[in-house]
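Notes for the one structure printed next.
Residue numbers (my numbering): 359 to 523.
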């Protein structure tokens, strides 16, 4: 299930038990807390209902020379490919794999019109629309960094200067 955030092991979030409990609570609240932003948590795709092209994508995602992709990211990619969803991922391997998929660089997988963005990119879009100030966007990015221990430590402005996002 893509609802893995509700099953997240707090011990993996921090070595500090108090911080781990806080981060776990934030993860558990995430799907419901952000529904107003259009973020939905979906069930795992039923493999028997996927198109042959999507099944070919599943095979391609398991190829050894691709970046390793976690099961949750694979499910998101399958749903996006099947349904044409936009993907927001901060997993660099997943991001690069989706870019390769969009560009038609995955062997035996027909490209489809998809889009991929990272959290910094979403924040940049909101700033460009005038819906978030630079300070508010930076504060939100700091919250992401507090919750997600693998988040890049760079500031939002530094990240937006790079190619990834």
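Idealized CB from N, CA, C, for every residue including glycine.
Residue burial annotation: residue 468 is exposed, with fewer than 16 other C-beta atoms found within 10 angstroms of its C-beta.
For residue 446, the beta-bridge partners assigned by DSSP are 475. Of 458, 426, 510, 410, the smallest CA-CA separation from residue 440 is found for 410. Comparing alpha-carbon positions, the option among 466, 465, 501, 477 lying closest to residue 453 turns out to be 477. In the three-state DSSP reduction, residue 487 falls in the coil class, being neither helix nor strand. Listed in chain order, the non-local C-beta contacts of residue 451 below 7 Å within the same chain comprise 425, 426, 427, local neighbours out to five positions each way being set aside. In this chain, the alpha helix (DSSP H) harbouring residue 417 covers 410 to 419. In this structure, residue 433 sits near residue 403, with a CB-CB distance shorter than 8 Å.
Collapsing the DSSP output to three states places residue 460 in a helix.
Nearest C-alpha to residue 412 among 464, 447, 449: 464. The C-alpha of residue 497 lies about 42 Å from the C-alpha of residue 466. In the three-state reduction of the DSSP assignment, residue 437 falls in the helix class, which pools H, G and I.
Counted as a single uninterrupted DSSP element, the stretch harbouring residue 404 is not any alpha helix (DSSP H), since DSSP gives it neither H nor E.
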